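K.L.:
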Amino acid sequence: MQLLIATLLCVAAAAAGAFQPALPVAPFAATGTIQYAFTADDRADLMIIAAIDAAQSQVLMQAYSLTHRRITDALIHAKRRGLEVAVIVDQEQARANPAVSRDLARAGVPLLFDAHHSAAHNKVIILDSGQADCAVVTGSFNFTYAAQHRNAENALVLRGNPLLCDAYFNNWRRHQLHSHQLSR
């Protein structure tokens, strides 16, 4: 009898759509340019800093870990140039380098902490969303010194694909909604 009830509940839930997995996103055309780097031989950190420095209006970052001093400095410099700059970091990892959090806050860069997930493991920068020459920086590269000098990592700069930029921008905004600033 219990098996029958469980089966009926599963059938009813499936009919209501409860067990239907989300469909993958339909493919769209690859456009623009791709730049890549593999650490430690390639200087992924310099490629990322150059991408931030080239931004014209916006730099939005999602970081599992942010401890790389020169990448942090590039974010602060972008803010001082008048760009919209904001960072979402994994709440637990953010504790690894409080100096970075302090420096970003002093520069007026909104720093949000994502504790909604067991690991906010994104490694993404969205540059100039809504523009034809927008860019997405992504890959396994954590924004850390170790990622460049000790680990085997990869990084991509995907430029000039507005549909891709919009997808990453919308995902960034979804994470922004459940992230928070820590009280000082």
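My numbering numbers the first residue of the sequence shown as 924 and each following residue consecutively. Yeah, the Cβ is synthetic: ideal placement off N, Cα and C, and Gly gets one too. All values derive from a computational prediction rather than experimental measurement.
#1: For GLN981, write down the residues that DSSP places opposite it in a beta bridge.
#2: Considering ARG1097, what are the terminal residues of the alpha helix (DSSP H) in which it resides?
#3: Just to confirm, is the Cβ distance from SER988 to ASN1065 under 9 Å?
#4: Pick from VAL1012, CYS1057, ALA978: whose alpha carbon is nearest that of HIS1098?
#5: Is it the case that the Cβ atoms of GLY955 and GLY1083 are separated by a distance below 9 Å?
#6: Which residue's Cα is closest to the Cα of PHE961: ALA1090, ASN1074, LEU1081?
#7: Taking the alpha helix (DSSP H) that ARG1025 falls in, what are its first and last residues?
#8: Determine the DSSP secondary structure at ASP996, reduced to helix, strand or coil.
#9: Do ASP1051 and GLN985 count as a contact pair if the criterion is CB distance below 9 Å?
#10: What residue range is occupied by the uninterrupted beta strand (DSSP E) comprising ALA1078?
#11: How far does the beta strand (DSSP E) with ALA1058 in it reach, from first residue to last?
#12: According to DSSP, simplified to helix, strand and coil, what is TYR987?
#13: DSSP puts LYS1046 in a beta bridge; with which residues?
#14: Between PHE1092 and the rest of its own chain, which residues show a CB-CB distance below 6 Å, the 5 nearest in sequence each way excluded?
#15: When we look at the beta-carbon of ALA1069 and count the other beta-carbons within 10 Å, is it buried (16 or more) or exposed?
#16: For ALA973, does the three-state DSSP call read helix, strand or coil?
#17: What residue does the alpha helix (DSSP H) around ALA1069 start on, and which one ends it?
P.N.:
Reading it off the structure:
#1: Translated into the one-based positions of the sequence shown, residue 981 becomes position 58. The partner list for GLN981 (beta bridge, DSSP) reads GLU1007.
#2: As a first step, residue 1097 is located in the sequence shown; it is residue number 174 there, counting from the start. Per DSSP, the unbroken alpha helix (DSSP H) holding ARG1097 starts and ends at 1085 to 1101.
#3: As a first step, residue 988 is located in the sequence shown; it is residue number 65 there, counting from the start. As a first step, residue 1065 is located in the sequence shown; it is residue number 142 there, counting from the start. Cβ atoms of SER988 and ASN1065: closer than 9 Å.
#4: Counting from one through the sequence shown, the residue named residue 1098 turns up at place 175. Closest by alpha carbon: VAL1012.
#5: Counting from one through the sequence shown, the residue named residue 955 turns up at place 32. Counting from one through the sequence shown, the residue named residue 1083 turns up at place 160. A contact, by the Cβ cut-off of 9 Å.
#6: Numbered from its first residue, the sequence shown carries residue 961 at position 38. Of the candidates ALA1090, ASN1074, LEU1081, the residue whose Cα lies closest to the Cα of PHE961 is ASN1074.
#7: As a position in the sequence shown, residue 1025 is number 102, starting the count at 1. 1021 to 1029 is the extent of the alpha helix (DSSP H) around ARG1025.
#8: Against the sequence shown, residue 996 aligns to sequence position 73. In the structure shown, ASP996 adopts helical secondary structure according to DSSP, grouped into three states.
#9: Counting from 1 along the sequence shown, the entry for residue 985 is found at position 62. Counting from 1 along the sequence shown, the entry for residue 1051 is found at position 128. No, the pair does not count as a contact, with Cβ atoms beyond the cut-off.
#10: In the sequence shown, the residue the question calls residue 1078 occupies position 155. First-last of the beta strand (DSSP E) with ALA1078: 1077 to 1082.
#11: As a position in the sequence shown, residue 1058 is number 135, starting the count at 1. Here the beta strand (DSSP E) through ALA1058 covers 1058 to 1062.
#12: Along the sequence shown, one-based indexing puts residue 987 at 64. In the three-state reduction of the DSSP assignment, TYR987 falls in the coil class, being assigned neither a helical nor a strand state.
#13: If you number the sequence shown from 1, residue 1046 lands on position 123. Answer is ALA986, bridged to LYS1046.
#14: Here residue 1092 is taken as the residue at index 169 of the sequence shown, counted from 1. Setting aside the 5 residues that flank it on each side, PHE1092 is surrounded in the same chain by ILE1049, SER1052, each with a C-beta closer than 6 Å to its C-beta; the list follows chain order.
#15: Along the sequence shown, read from residue 1 onward, the residue named residue 1069 stands at position 146. Here ALA1069 is exposed: its Cβ has fewer than 16 other Cβ atoms, across all protein chains shown, within 10 Å.
#16: Taking the sequence shown and counting its residues from 1, one reaches residue 973 at position 50. ALA973 falls in the helix class under three-state DSSP.
#17: As a working note, residue 1069 is residue 146 in the sequence shown. Counted as a single uninterrupted DSSP element, the alpha helix (DSSP H) harbouring ALA1069 occupies residues 1068 to 1072.
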